[in-house]
Amino acid sequence: MNLGKVSSAVLMLSGIAGVLTPRGVGQALELTAPSARGTAEIRAGLGGTYAALGGWSLASREPAADLAVGATWLGAAAVRTAALLVDRPRTTWSYWAYLALEVGMGTASLRAARARR
49 MNLGKVSSAV LMLSGIAGVL TPRGVGQALE LTAPSARGTA EIRAGLGGTY
99 AALGGWSLAS REPAADLAVG ATWLGAAAVR TAALLVDRPR TTWSYWAYLA
149 LEVGMGTASL RAARARR
């Protein structure tokens, strides 16, 4: 499996985790969902969206699928980096680990897209 497919699989699996265990994902990201609506939003936004995009990319042979996954990962990394200045979040080891994962997986997907051309 190439790194683009690994990136897509990681995105899909993180989405499946959001669908199946939205409270656990929320806790890992320090998100609180005090209502059923909040839990549903984590399940849909962090679950369904990522699971569908990652799954589509795994099934697709089009470079655009890898580009979409790469843009998603790198968009998250860019906003996480900007949030350091804007929001000044408490940065535990997991904050940096998520940033490294986003940059690594995003780069892998963009390289895979380029190789498919």
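Going by the working numbering, the final residue of the sequence shown carries number 165, and the count climbs one at a time with no gaps. For every residue, glycine included, the Cβ atom is placed at its ideal position computed from N, Cα and C.
{"Check": "Alpha helix (DSSP H) segment containing residue 155, residue limits", "Outcome": "141-164"}
{"Check": "Own chain residues within Cβ distance below 8 Å of residue 80, not counting five before or after", "Outcome": "74 and 86"}
{"Check": "Spatially closest choice to residue 106 from 96, 153 and 57, by CA coordinates", "Outcome": "57"}
{"Check": "Coil, strand or helix - residue 85 by DSSP", "Outcome": "helix"}
{"Check": "Residue 3, buried or exposed, once every other Cβ within 10 Å from all chains shown has been counted against 16", "Outcome": "Outside the displayed range of the chain (49 to 165) lies residue 3, so it cannot be described from this structure."}
{"Check": "Proximity to residue 50 [Cα-Cα], best of 96, 148, 109 and 139", "Outcome": "109"}
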